[in-house]
Amino acid sequence: MDTAYDPSSEAELPSCSGCRKRKLKCSRQKPACSNCERLQTTCVYEGRRAKPGLKSGAVEGLNQRLGMVPMLMLRSWLTERQKRQETSRKRRRYETSEEEPRRGEYDVIDEVLDDLIDAYFSHVQPWIPMINMRDFRTRAHDNRDQVKVILQAMAVAALRYLEPDGEPLSAEFVKNETCKLRRTVLLDALDGLTVENLQALIIIAFTDIGDGNLDKAWPIIGSLTRTVEYMELSVEAEDRHQRPAVLPPTACLPPPLKWVEEEERRRVFWNIFILDRFSSVVKGWNTSLTAADVCRRLPICGGKWFEDEPAVTPYFGIWDRSRAKIGNSITFLPGHYPSPSHSAGAEATDTESSHGPKTSSTVDMSMVGAFAYYVESIESLSQITTYFLQTRIDFNNRQEVSSWLTRFKELDLRLVHWKMYLPQQWKDSGISREAMPGVMDPNMTVANATHNISLILLHQRIAYPDAELSGIRLPSLCSADTCYNAAMETANMTTKYLEGSSSNLPVSPQLGICAFVSGRVFLVHCRYYKTTLAEEFNVLMDNLREMSRRWHGHRMQHDQQSCFFSQLSDRLNNLYYEYQGTEEATPNSGRPKEQTDVALGHISNHPNTYQQTCPPQTNAASQFSTLAPPRQSGRIICNITDSDGQ
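Residues in the sequence shown are numbered from 751 upward in steps of one, following the numbering used here.
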């Protein structure tokens, strides 16, 4: 009777699994229901059925499990990555910083501190010489927090060149890490007025320009030019004076503890000055640091600074805008002066001018080095842009035309004298110097190349006159010779520098500008005078590509991301096809058509053929003529006027 049917248990039992599968009405008998007895199958009663629908907490649990999927995938990827990097423990430990989002950027620098400092001083410091290497190494180990922002900026600039244990860092890691570090530097460096913050921002601005991110660099440069004045670094300590103000002024910086620190502050200012002039020349903007703001001595020779050998250099003269307007003579505006009382805003004798014969015993240039001459050359370029190219002239007005031609002669004479009175060791960019014979100095190379494009920009309007100048007798052929020879020298100079330096060392964006302007004048000369395009045009195109490759370092060797040098190369390439009249053939034809530069204007076809009529200038071109055969990649050989059919 134990197995008898019990109605109470039937109400509690669910249908057996067999009846549910067959969709039959179950009698719910034990040990077997009627259907299972009839079919002679095992009758199984499962536990009480749950109510239909999702159980409580099921959705939350599912979301939690889905949220773990990216983490599990990342963990799997990291595991595979670590397996591939087992041969390099140091590099594996360094790369882990990318995989741990909460790990501070400072830990990345700690891993390879010495390697990072070495990479910065070998790759970046030559172009923005403002940090004393010996002093900084001591501070980096003894007082890390004080130079933390500089170290982070150094990582942004030099991480792409690091090779821990001889193996370069991954491109993705460098890209992500530099992006994070750049944001950190900007936040920290704009949070106070210190020399370290200025140095960090200079490094970031320099890197942004080289990366081709000019729109990111301009706000930083604008901030630097104002901040350096607030901190009174635009004037020498003995020349500072309090200005009337509503609130009593407070000193932003303590006095320097030693001469090396004082010179470092001076160099910080001059690097900001160069960035200000660079942005003004490239974009046509007004300069921010003017004669009213600046009263500074030129930087001393780098060797004396490194060895802590104090010396005095002359003040550098910056022209006052009102005195340098066309119509006022600039012949006697001094380039250097021994004291503020002989500033560029005051009258000076011919002997006080650095651009005249060196008969003045009051101006001693023996203590300056290549960096000081770079400052001079970029200021000359800025003067030509501001006080000649950007000046509006009514060419129907004889008096204005006469003043314009007088200014042209004055500027040309100053450029000729600058090169003429350079010390012999710097005329060839340092090849003949005793300290490092045969090695071209980076800053002096840029200084000489900048001098060449100053000549080009000064002479190009006269060398290739447009219709507006058709009624004026001009020495066009002599100016064309000057432009052509300057471009030739730049091509030879940049080639020799690239061939003589290590293939992994980057170059300054200013050198790229020099190559671009020189290449552009070859195109203009070819079209205007109906001559064959100079082979040096191809050399300059190759040099720009090489500069681009060097700038990227190990970061983007297989990536198509552009930089400032590749942008210049593309512009020059587009100008070539534009002048050739076959723009649709250019590989960059998908891009908007490049507008012809305002400085050059739209070059018309000239009826005369070109013949060299003026003797070549006595410059250093011959000293760069003995070069190895130019690289053969990407050659462009043609006659533009032939393909134009004109």
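Note that the Cβ used here is the ideal one computed from N, Cα and C, for glycine as well.
Three or more C-beta pairs under 8 Å: does that hold for the region 1188-1204 against the region 1236-1246?
yes
Spell out the partners DSSP gives ILE1050 in its beta bridges.
VAL1118
Examine the Cβ distances between the region 1117-1136 and the region 1064-1074 and report whether three or more of them are shorter than 8 Å.
yes
Nearest candidate by alpha-carbon position, reference ASN1078, set ARG1157, LEU1165 and VAL1010:
ARG1157
Unbroken alpha helix (DSSP H) run spanning HIS1167, endpoints
1148-1170
Beta-carbon within less than 8 Å of MET1117's beta-carbon, same chain only, minus the 5 sequence neighbours each way: which residues are those?
ILE1050, CYS1051, LYS1054, ALA1061, VAL1062 and THR1063
From CYS783 to THR792, what does the alpha carbon distance come to, in whole angstroms?
10 Å
Confirm, please, whether the CB-CB distance from PRO879 to ARG1017 is below 8 Å.
yes
Could you pull out every unbroken alpha helix (DSSP H) segment of at least 4 residues lying fully inside the region 865-922, listed in chain order?
883-892 and 898-908
Presumed contact (8 Å Cβ cut-off) between LEU1161 and LEU1227, rounded CB distance:
Contact check for LEU1161 and LEU1227: beta-carbon distance about 19 Å, past the 8 Å limit, so the pair fails to qualify.
Return the chain-ordered list of same chain residues with a C-beta closer than 7 Å to the C-beta of ASP885, the five sequence neighbours on each side being excluded.
VAL1010
What is the DSSP secondary structure of VAL1018, counted as helix, strand or coil?
In the three-state reduction of the DSSP assignment, VAL1018 falls in the helix class.
Quick one, are the C-beta atoms of ASP1026 and LEU1039 less than 8 Å apart?
The answer is yes: Cβ separation under 8 Å.
C-alpha distance - ILE1080 paired with SER1072, whole-angstrom precision:
11 Å
Between GLN902, VAL874 and ASN893, which has its C-alpha nearest GLU861's C-alpha?
GLN902
Could you check what DSSP says for PHE1272 in three-state terms: helix, strand or coil?
Correct three-state label for PHE1272: helix.
Assigned secondary structure, CYS1045 (DSSP; H/G/I helix, E/B strand, else coil)
strand
Measure the C-alpha to C-alpha separation of ALA1195 and GLY1269 and round it to an integer number of angstroms.
Residue 1195 is actually Thr in this sequence, not Ala. If you take the alpha carbons of THR1195 and GLY1269, they lie about 17 Å apart.
State the Cα-Cα distance for the pair GLU1102 and PRO994, rounded to the nearest angstrom.
Residue confidence for GLU1102 is low, a pLDDT of 38 falling below 50, so the modelled location carries little weight and cannot support an answer.
DSSP state of TYR1123 mapped onto helix, strand, coil:
helix
Three or more C-beta pairs closer than 8 Å, one from the region 934-954 and one from the region 893-913: is that the case here?
yes
Tell me whether PHE1023 sits in a helix, a strand or coil according to DSSP, three-state version.
helix
Could you check the C-alpha separation between ALA1217 and PHE1145 for me, to the nearest Å?
Cα-Cα distance, rounded: 11 Å.
What residues match up with VAL985 in a beta bridge as DSSP calls it?
CYS1045
Beta-carbon separation (whole angstroms), ALA1120 vs GLY1180, contact threshold 8 Å
7 Å
Using CA coordinates, which residue listed in LEU1325, THR1141, GLN1311 and GLY1303 is at the minimum distance from HIS873?
Relative to the Cα of HIS873, the nearest Cα in the group LEU1325, THR1141, GLN1311 and GLY1303 belongs to GLY1303.
Less than 6 Å between C-beta atoms, sequence neighbours within five positions excluded: which residues of the same chain meet that for SER1130?
SER1204
Do the CB positions of LEU1283 and PHE1266 come within less than 8 Å of each other?
The beta carbons of LEU1283 and PHE1266 sit no closer together than 8 Å.
Got a sec? Which residues, its chain only, sit under 8 Å from GLN875 by beta carbon, not counting five neighbours each side?
ILE881 and MET883
Straight-line gap, SER1252 to ARG932 (C-alpha atoms, nearest Å)
27 Å
Helix, strand or coil at LEU997 [DSSP, three-state]:
coil
Out of curiosity, what's the CA-to-CA distance linking ASN1242 and ASP895?
45 Å
Quick one: using the 10 Å Cβ neighbour count with 16 as the cut-off for buried, is TYR771 buried or exposed?
Strictly speaking, residue 771 in this sequence is Lys, with Tyr absent from that position. Burial is judged here by how many other beta carbons sit within 10 angstroms of a residue's own beta carbon; LYS771 has fewer than 16 and is exposed.
Between the Cα of THR934 and those of MET1115, ASN947 and LYS1246, spot the shortest distance and give me the residue it belongs to.
Ranked by Cα distance from THR934, the options MET1115, ASN947 and LYS1246 are led by ASN947.
Whole-Å CB distance - THR1136 paired with THR1037, under 8 Å assumed
Correct: roughly 7 Å between the Cβ atoms.
Tell me the rounded alpha-carbon separation between TRP1035 and SER1132.
10 Å
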